[in-house]
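Take the sequence shown: its position 65, counting from 1, is numbered 64 in numbering that gives the first Met the number 0, and each next residue is one higher. Data first, discussion second: the structure below is written as structure tokens.
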Amino acid sequence: MIRVCAIVARAKNGVIGQNNQLPWHLPSDLRYFKAQTFGKPVIMGRKTFESIGRPLPGRTNVVITRQPQWQSPGVKVATSVEHALQIAKAQAELDGADAVMFIGGAEIYRAAAPYLDRWYVTEVQLEPTGDATIPAVDASLFDEVTTEVGQTQPGEPDHTFRVFDRR
Ligand SMILES: NC(=O)c1ccc[n+]([C@@H]2O[C@H](COP(=O)([O-])OP(=O)(O)OC[C@H]3O[C@@H](n4cnc5c(N)ncnc54)[C@H](OP(=O)(O)O)[C@@H]3O)[C@@H](O)[C@H]2O)c1
Numbered sequence: 000m001i002r003v004c005a006i007v008a009r010a011k012n013g014v015i016g017q018n019n020q021l022p023w024h025l026p027s028d029l030r031y032f033k034a035q036t037f038g039k040p041v042i043m044g045r046k047t048f049e050s051i052g053r054p055l056p057g058r059t060n061v062v063i064t065r066q067p068q069w070q071s072p073g074v075k076v077a078t079s080v081e082h083a084l085q086i087a088k089a090q091a092e093l094d095g096a097d098a099v100m101f102i103g104g105a106e107i108y109r110a111a112a113p114y115l116d117r118w119y120v121t122e123v124q125l126e127p128t129g130d131a132t133i134p135a136v137d138a139s140l141f142d143e144v145t146t147e148v149g150q151t152q153p154g155e156p157d158h159t160f161r162v163f164d165r166r
């Protein structure tokens, strides 16, 4: 079975982005993100793709857009969350990957929520200003299965890596 996952870093107040960027600099979370997504198809909204600015290496990149003509080198284009899942799961089968990963942003996390088996949430102990937010994982549907306190370097915010599985 191919597990459908989302991975997000979320502040205590629900903020995940500001001006199409991450509101913090947290290398420990970038390493965690790479470790969890490497070798797996990643699915993202067009705005998140443009914020990253290039395809993520070592992963099939699937970008969701409503613009029929939109394309970009090195990425597969999907017109809906369901279409993206179809492309990503087929690629995971080919690659022998056990999961596909929704990597944001806010609009895509909301649209993907009904399909998710697992959430990877980095809880960042900040309350920044932001224009992209998501709600907390629905505790009536998901159980927290692992919790790991992140190693903080000087100047970095405290953070915790939490994994939630659908009941
Ligand atoms: N903290 C984190 O872990 C994290 C992770 C990722 C992103 N972010 C942040 O999140 C923010 C971006 O989030 P966002 O909500 O503004 O944008 P987004 O979800 O990245 O992308 C939105 C775009 O995706 C397309 N789209 C969305 N739903 C669709 C659907 N159902 N069918 C077809 N296309 C659909 C549309 O593209 P078109 O307009 O081209 O039609 C839409 O404009 C940024 O600030 C970014 O830094 C944070």
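Beta carbons are placed, not taken as given, at the ideal position from N, Cα and C, and that holds for glycine. Predicted model only: the values in this text are computed from it and were never measured.
Ligand 1 heavy atom lying under 7 Å from the CB of residue i
i: Gln90; result: no
i: Glu143; result: no
i: Ile86; result: no
i: Met43; result: yes
i: Gly38; result: no
i: Leu21; result: yes
i: Arg65; result: yes
i: Thr159; result: no
i: Thr59; result: no
i: Gln124; result: no
Residue nearest to residue i in terms of C-alpha spacing, selected from the options
i: Val74; options: Ala89, Leu55, Gln68, Lys88; result: Leu55
i: Glu147; options: Tyr31, Lys11, Gln70, Gln20; result: Tyr31
i: Pro40; options: Ala98, Gln68, Leu115; result: Ala98
i: Arg65; options: Val123, His82, Gly57; result: His82
Cα-Cα separation between residue i and residue j, rounded to whole angstroms
i: Ile42; j: Thr159; result: 23 Å
i: Ile51; j: Thr145; result: 28 Å
i: Tyr108; j: Gly154; result: 29 Å
i: Val120; j: Val61; result: 21 Å
i: Met0; j: Gln150; result: 32 Å
i: Tyr114; j: Gly95; result: 20 Å
i: Asn12; j: Leu125; result: 8 Å
i: Asp70; j: Gly44; result: What sits at residue 70 in the sequence shown is Gln, not Asp. Each residue's alpha carbon lies about 13 Å from the other.
i: Val123; j: Ala34; result: 18 Å
i: Ala111; j: Gly103; result: 9 Å
i: Arg9; j: Leu84; result: 23 Å
i: Ile86; j: Glu106; result: 19 Å
i: Pro67; j: Gln152; result: 44 Å
i: Val76; j: Lys88; result: 14 Å
Same chain only: Cβ atoms within 6 Å of residue i, ignoring 5 sequence neighbours per side
i: Trp118; result: Ala5, Val136, Phe163
i: Ala91; result: Ile1, Pro40, Val99
Buried versus exposed, by CB contacts within 10 Å (16 or more), residue i
i: Leu93; result: exposed
i: Thr128; result: exposed
i: Pro26; result: exposed
i: Pro22; result: buried
i: Asp28; result: buried
i: Ala131; result: buried
Cβ neighbours of residue i in the same chain (closer than 7 Å, five flanking residues each side left out)
i: Asp142; result: Phe163, Asp164, Arg166
Same chain, Cβ closer than 8 Å to residue i, five either side skipped, listed in chain order
i: Arg53; result: Gly73
i: Gly57; result: Phe37, Gly38
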